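Enquirer: Encoded as structure tokens, here's the structure I'll be asking about.
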Amino acid sequence: MRLLQWTILLLVAVAAPGVVLSRDPKAQVVTLSFYGLLCGLMFFIFQAPDVALSQITIGAVMLPLMIMLALTKMRRQNLRRERESKNK
Amino acid sequence: MSSRTRLIFFLFPAGVLAAIFVWGCRDLPAVGDYRGPYGYVITQVTVPERHATDVVNAINYDYRGFDTLGEEFILFASVLGVLLLFRPSARIGGDRDKNGDDAQNRQVKIDDALPISDALRVTMQAFVGIMIVFGVYIATHGQLTPGGGFQGGVILASAPMVVYLSGNVWAFERIVSHPLIKLVECLGAGGYALIGMAGLLAGAHFLTNIIPLGKTGDLFSSGTIAVISVTVGLEVTGAFVLLMQTYLREIIEERLGQKS
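Below is the structure:
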């Protein structure tokens, strides 16, 4: 049990800089999702299944999804602006 | 400022912070150490008082139900804000696409096309049913096992997203723009408040657990906790589905237009 706790803590500690250091937003979303999953596992190992469930659904699924959707929206807006400036 | 001086400016505070952090970690209590009576009291009291075996949800939806009501309305308000911000307007909306350069429009569409293999498509669509059943299970068993309306709602809301990612844009559009989604959202948010007011009508305080508690461990037990869990599930499902619909509206319209 002790070993499991240390392992997951180490994994989270490694994954967190991974999220910060990935500079491309799309890559960052993927690392963020993985980090969210690891955090969920951590909560589960530390015997908080309720928090783990919330963390996995929000941190690993919904938050990356919302960021992806926002990125798509922004990209389309940029495309439209470019088109507009070309038309002028 | 050169990168060398910047590095020095960074390293000095970072060193101080690291030192303070290590110093602060020395006297941390052991894992699982808990001081304070409330946790012990509530774990003793919940099962006899509320007939709910998941103490976390008994706290969330009953003992501090009023706070959860506030939290639910935070989600409600922020979804409302997004809907308002991205409301379809004539200025940026569809009109321009009709007047705009057709060749460039087509370019955008091709960029967005999802190349997806048949194996992935079939697997994803097979998972949709399982996800819905699991979401409903999590939302309705909040009083018994870890989970509850919030988590169940999020799982339920991600089911249409899987439909979309499996390439079935038409089905996704039919699900997310169904008028029932808005009704579900309103019922979820309003239902919680109404259950609270039922307590007032019964002559007790707001959000008093007035429904018969039933037998501990049954699906229909713990009174209002189970009902509130379901309303929260409805609200969260509606909220996230509405968000997806708002974000993807334009893309869906284009994809469907492309097909016809």
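Protein sequences, first through last, are from chains V and F. Taken in order, the first sequence gives residues 0 to 87; the numbers are from numbering that gives the first Met the number 0. Taken in order, the second sequence gives residues 0 to 259; the numbers are from numbering that gives the first Met the number 0. Note that the Cβ used here is the ideal one computed from N, Cα and C, for glycine as well. Predicted model only: the values in this text are computed from it and were never measured.
1) What is the residue span of the alpha helix (DSSP H) that V:Ile55 lies within?
2) Could you tell me which chain F residues have their CB closer than 9 Å to the CB of V:Ile57, listed as they occur along the chain?
3) Which same chain residues end up closer than 7 Å to F:Val175 when comparing Cβ atoms and leaving out the 5 residues on each side of it in sequence?
4) Kindly indicate which three-state DSSP category F:Phe219 falls into: helix, strand or coil?
5) Locate the alpha helix (DSSP H) running through F:Ser116, then write down its first and last residues.
6) Which word fits F:Thr42, buried or exposed, when buried means at least 16 other C-beta atoms lie within 10 angstroms of its C-beta?
7) Determine which residues of the segment 239-253 of chain F have a Cβ less than 8 Å from any Cβ of chain V, and write them out in chain order.
8) In chain order, what residues of the same chain have a beta carbon less than 8 Å from the beta carbon of F:Val44, not counting five sequence neighbours either side?
9) Less than 7 Å between C-beta atoms, sequence neighbours within five positions excluded: which residues of the same chain meet that for F:Arg120?
10) Could you check whether V:Met61 and F:Val153 sit closer than 7 Å to each other, using their CB atoms as the reference points?
11) Which residues of the segment 42-54 of chain V have a Cβ closer than 7 Å to any Cβ of chain F? Give them in chain order.
12) Is F:Gly146 closer than 7 Å to V:Leu68 when the C-beta atoms are compared?
13) Looking at the unbroken alpha helix (DSSP H) that takes in F:Lys214, where does it start and where does it end?
14) Check whether the segment 124-143 of chain F touches the segment 45-62 of chain F, counting contact only when three or more Cβ pairs, one atom from each stretch, lie closer than 8 Å.
15) Taking any Cβ of chain V, which residues in the segment 46-77 of chain F have a Cβ under 8 Å from it, in chain order?
16) Give me the residue from F:Val46, F:Ile251, F:Met130 and F:Gly128 with the minimum Cα distance to F:Gly213.
17) Using beta carbons (cut-off 7 Å, strictly below), is V:Lys25 in contact with chain F?
18) Just the Cα atoms here: how many angstroms apart are V:Phe43 and V:Val50?
19) Please tell me whether F:Thr236 and F:Ala156 are closer than 7 Å, where the distance is taken between their beta carbons.
20) So is F:Ser176 in contact with chain V if we call contact Cβ pairs under 7 Å?
21) Only counting the same chain, and skipping five residues up and downstream in sequence, which positions put a Cβ closer than 6 Å to that of V:Gln119?
22) Using a C-beta to C-beta distance shorter than 9 Å, which residues of chain F count as neighbours of V:Met73?
23) Under three-state DSSP, which class holds F:Thr52?
24) Quick check on the DSSP output: the alpha helix (DSSP H) that includes V:Ser32 runs from which residue to which?
25) Look at the alpha carbon of V:Val13 and the alpha carbon of V:Ser21, and state the distance between them as a whole number of angstroms.
26) Beta carbons nearer than 7 Å to chain V: which residues of the segment 117-129 of chain F have them?
27) My output table needs one value for F:Gln142: the three-state DSSP class, helix, strand or coil.
28) Buried or exposed, going by whether 16 or more other CB atoms sit within 10 Å of the CB of F:Val226?
29) Given that V:Val60 touches chain F, what residues does it touch there, using C-beta distances under 8 Å?
30) Does the Cβ-Cβ distance between F:Ser228 and F:Tyr60 come in under 7 Å?
31) Is DSSP giving F:Leu247 helix, strand or coil here?
32) Just tell me which of F:Phe65, F:Glu253 and F:Arg86 has its CA closest to the CA of F:Ala192.
33) Just checking: is the beta-carbon of F:Leu16 within a distance shorter than 7 Å of some beta-carbon in chain V?
34) Please classify F:Gly253: is it buried, with 16 or more other beta-carbons within 10 angstroms of its beta-carbon, or exposed?
Expert: On the basis of the coordinates in this document:
1) Locating residue 55 of chain V in the first sequence gives position 56, counting from the first residue. No alpha helix (DSSP H) contains V:Ile55, which DSSP labels as neither H nor E.
2) Within the first sequence, the letter at position 58 stands for residue 57 of chain V. Those are Phe149, Gln150 and Val153, listed as they occur along chain F.
3) Mapped onto the second sequence, residue 175 of chain F falls at position 176. Within the same chain, F:Val175 has close Cβ partners Pro159, Val240, Met243 and Gln244.
4) Residue 219 of chain F sits at position 220 when you count from the first residue of the second sequence. If DSSP states are grouped into helix, strand and coil, F:Phe219 belongs with coil.
5) Taking the second sequence and counting its residues from 1, one reaches residue 116 of chain F at position 117. From DSSP, F:Ser116 is part of no alpha helix (DSSP H); its letter is neither H nor E.
6) Translated into positions along the second sequence, residue 42 of chain F becomes position 43. Under this definition F:Thr42 is an exposed residue.
7) Phe239, Leu242, Met243, Tyr246, Leu247, Glu249 and Ile250
8) Taking the second sequence and counting its residues from 1, one reaches residue 44 of chain F at position 45. Hits under 8 Å: none found.
9) As a working mapping, residue 120 of chain F is identified with position 121 in the second sequence. Here the set comprises Ser165 and Gly166.
10) Here residue 153 of chain F is taken as the residue at index 154 of the second sequence, counted from 1. Here residue 61 of chain V is taken as the residue at index 62 of the first sequence, counted from 1. Result yes, Cβ atoms of F:Val153 and V:Met61 sit closer than 7 Å.
11) Pro48, Asp49, Leu52 and Ser53
12) Counted from its first residue, the first sequence places residue 68 of chain V at position 69. Counted from its first residue, the second sequence places residue 146 of chain F at position 147. Contact: no.
13) By 1-based counting over the second sequence, the position of residue 214 of chain F is 215. Careful: F:Lys214 lies outside any alpha helix (DSSP H) and carries neither H nor E.
14) yes
15) Asp53, Val55 and Asn56
16) To locate residue 213 of chain F, count along the second sequence from 1; it is residue 214. Ranking F:Val46, F:Ile251, F:Met130 and F:Gly128 by Cα distance to F:Gly213 puts F:Val46 first.
17) As a first step, residue 25 of chain V is located in the first sequence; it is residue number 26 there, counting from the start. Answer no: the Cβ-Cβ gap between V:Lys25 and chain F never drops below 7 Å.
18) Locating residue 43 of chain V in the first sequence gives position 44, counting from the first residue. Locating residue 50 of chain V in the first sequence gives position 51, counting from the first residue. In a straight line, the C-alpha of V:Phe43 is about 8 Å away from that of V:Val50.
19) Counting from 1 along the second sequence, the entry for residue 236 of chain F is found at position 237. Counting from 1 along the second sequence, the entry for residue 156 of chain F is found at position 157. Going by C-beta atoms, F:Thr236 is nearer than 7 Å to F:Ala156.
20) In the second sequence, counting from the first residue as 1, residue 176 of chain F sits at position 177. For F:Ser176, the answer is no, since every Cβ of chain V falls outside 7 Å of its Cβ.
21) Beyond the ends of chain V as shown, which are 0 and 87, falls residue 119 of chain V; an answer cannot be given.
22) Along the first sequence, one-based indexing puts residue 73 of chain V at 74. Simply none; closest approach about 11 Å.
23) In the second sequence, the residue the question calls residue 52 of chain F occupies position 53. Coil.
24) Position 33 of the first sequence, counted from the start, is the residue given in the question as residue 32 of chain V. That run of the alpha helix (DSSP H) goes Pro24 to Ile44.
25) As a position in the first sequence, residue 13 of chain V is number 14, starting the count at 1. As a position in the first sequence, residue 21 of chain V is number 22, starting the count at 1. Going by the C-alpha atoms only, they are around 13 Å apart.
26) none
27) Here residue 142 of chain F refers to the residue found at position 143 when the second sequence is read from its first residue. F:Gln142 falls in the coil class under three-state DSSP.
28) Translated into positions along the second sequence, residue 226 of chain F becomes position 227. It counts as buried.
29) Translated into positions along the first sequence, residue 60 of chain V becomes position 61. Residues of chain F passing the Cβ test: Val153 and Ser157.
30) On the second sequence, position 229 is the one that residue 228 of chain F refers to. On the second sequence, position 61 is the one that residue 60 of chain F refers to. Against a cut-off of 7 Å, the Cβ pair of F:Tyr60 and F:Ser228 comes out as a contact.
31) Indexing the second sequence from 1 puts residue 247 of chain F at position 248. If DSSP states are grouped into helix, strand and coil, F:Leu247 belongs with the helices.
32) Within the second sequence, residue 192 of chain F is the residue found at index 193, counting from 1. Looking at the Cα atoms, F:Phe65 is the closest of the given residues.
33) Position 17 of the second sequence, counted from the start, is the residue given in the question as residue 16 of chain F. With 7 Å as the cut-off, F:Leu16 does not count as an interface residue toward chain V.
34) Indexing the second sequence from 1 puts residue 253 of chain F at position 254. The sequence as given places Glu at residue 253 of chain F; Gly does not occur at that position. Per the 10 Å Cβ criterion, buried.
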